[in-house]
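Heads up: the sequence shown begins at 33 in this note's numbering, then just goes up one per residue. Just so it is clear, CB atoms sit at the ideal spot from N, CA and C, and this is done for glycine as well. Report on the following structure.
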Amino acid sequence: MDSPIVTVGVLLSAFAAVVAALFSLASWSLQRRNCAANEHYKERLRLEERYFKLHLVWQELRIAAVMLQDLPMGGADYVPQLQGLPIEEVTEALATKELLTAEVAVKIRAARDVLVQIEQMAADGRNPEARRLLAFEHKFPELVHQGLSALEEARQAILTHLPT
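Have a look at this one:
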């Protein structure tokens, strides 16, 4: 017969091994849950970043629309001053491929192209000879109206992809 101290020692060792195995199993389970929670958090951050970038593009398009709406359509000697149209910001958003769907990118690209045309025509409108050749007094307001329509379409396309 074994000594009672040895038997108690063996039983304590076995109990300690079972407890260690249980803690190990609990640690493994917590690690798996933590990993899944981290992946979920990363995905949520990616979505929030995407929505934030979409919202920034929407704001840039809104700024351009307000700038165009505030242009006074004056008489024959009116020279529009267009500085600060967010063409570069919109172009940068178009370069971010994962940000925009093809449909939205096409509408934003069309709005950007009209903004470039408006900016170019406004610059050309400073020269009296170019104004006459371009029929500036008639074409510039039409181009501004076309730009406002394109900006509105692009903004509406972005809104369909933003959460409500």
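For residue i, three-class secondary structure by DSSP
i      : result
TYR110 : coil
MET105 : coil
GLU130 : coil
LEU183 : helix
SER56  : helix
PRO173 : helix
PRO195 : coil
GLN63  : helix
Of the listed residues the options, nearest to residue i (C-alpha basis)
i      : options                        : result
LYS85  : ASN66, SER56, GLU121           : GLU121
LEU117 : ALA48, VAL42, ALA143, GLU130   : ALA143
MET99  : ALA189, ALA186, ILE190, VAL176 : VAL176
Nearest-angstrom Cα separation, counted from residue j out to residue i
i      : j      : result
LEU147 : ALA134 : 20 Å
ALA46  : TYR83  : 55 Å
THR123 : ALA137 : 10 Å
MET105 : LYS74  : 49 Å
GLU161 : ALA154 : 13 Å
ILE150 : ARG78  : 35 Å
PRO195 : LEU132 : 14 Å
LEU165 : ASP156 : 10 Å
THR192 : ARG65  : 34 Å
LEU114 : GLU81  : 31 Å
LEU57  : GLN63  : 10 Å
GLN29  : ALA127 : Only positions 33 to 196 of the chain appear in this structure, which leaves residue 29 out of reach.
ASN70  : SER35  : 52 Å
ARG158 : ALA189 : 34 Å
ALA186 : PRO112 : 24 Å
ASP145 : GLU130 : 21 Å
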